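Add 27 to the 1-based position in the sequence shown for my numbering, that's all there is to it.
No residue lacks a Cβ here, since even glycine has one placed at the ideal position from N, Cα and C.
Since we're looking at a predicted model, the values are computed, not measured.
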Amino acid sequence: MAARLRQFSTLTRLTRASNTRNALHRKFSSANQSPSNLWKLGRLNHIAIAVPDLDKATRLYRDVFGAVVSEALPLPDHGVTTVFIDLGNTKIELLHPLGDDSPIKSFLDKKPEGGIHHICVEVDSISAAIKSMCIAYDKHLLLSC
28 MAARLRQFST LTRLTRASNT RNALHRKFSS ANQSPSNLWK LGRLNHIAIA
78 VPDLDKATRL YRDVFGAVVS EALPLPDHGV TTVFIDLGNT KIELLHPLGD
128 DSPIKSFLDK KPEGGIHHIC VEVDSISAAI KSMCIAYDKH LLLSC
């Protein structure tokens with residue numbers, strides 16, 4: 028029974044994704060444009076990982092893996108302290124809460140061991156990318172819509 032529920036859940040997610048793609052394609056086809064003509068995905072800029080212990084995570088990448096690691100940079104406006112790890116072709120951004128109102132604190136409250144917070148991929152037109160995402164997905168999920 029559990030296997031059937033997992034299959035149904037997976038099928039439902041795939042169907043929803045397909046329906047979203049089809050709706051987006053219809054929306055742009057009416058204007059003789061497809062989303063791929065409006066903007067293109069670029070390179071992976073960074074992967075952000077929320078960590079419960081910034082010093083320990085920094086030491087792991089610097090001392091064990093031998094990576095080039097930046098100094099910790101507090102960003103009070105974002106409620107986070109960041110450390111960037113340079114991998115040559117991309118970066119890892121370690122995120123640690125700065126203050127009780129930090130969005131990273133609430134992330135770690137739900138997932139105390141930490142984990143991937145976001146993935147940043149460059150695009151050639153941020154305004155076009157935001158517009159197509161707002162059309163394709165629920166506008167309430169995206170703050171920029």
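Scanning N116, L68, L87, V78 for the CA closest to the CA of K137 turns up V78. Between the stretch 144-159 and the stretch 79-94, the count of Cβ pairs shorter than 8 angstroms is below three; the stretches do not touch.
In chain order, R70, L71, N72, H73, I74 place their CB closer than 8 angstroms to the CB of T117, counting only its own chain and leaving out the 5 sequence neighbours on each side.
Closest in C-alpha terms to A94, from the list T108, P103, D104, I119, comes I119.
Excluding the 5 residues flanking it on each side, D113 has same chain C-beta neighbours closer than 6 angstroms at V95, in chain order. Leaving aside the five residues that flank P130 on each side, the residues in its chain whose CB is nearer than 7 angstroms to its CB run, in chain order, G106. Sequence-distant Cβ neighbours of S97 in its own chain, meaning closer than 6 angstroms and more than five residues away, are V110, F111. For P101, there is no enclosing alpha helix (DSSP H); the enclosing beta strand (DSSP E) has its first and last residue at 100-102. The alpha-carbon of H144 is positioned some 18 angstroms away from that of P103.
V148 and L125 have their C-alpha atoms roughly 25 angstroms apart. The secondary-structure analysis by DSSP pairs A77 across a beta bridge with L122, G142.
In the three-state reduction of the DSSP assignment, L71 falls in the strand class. In the structure shown, T109 adopts extended strand secondary structure according to DSSP, grouped into three states.
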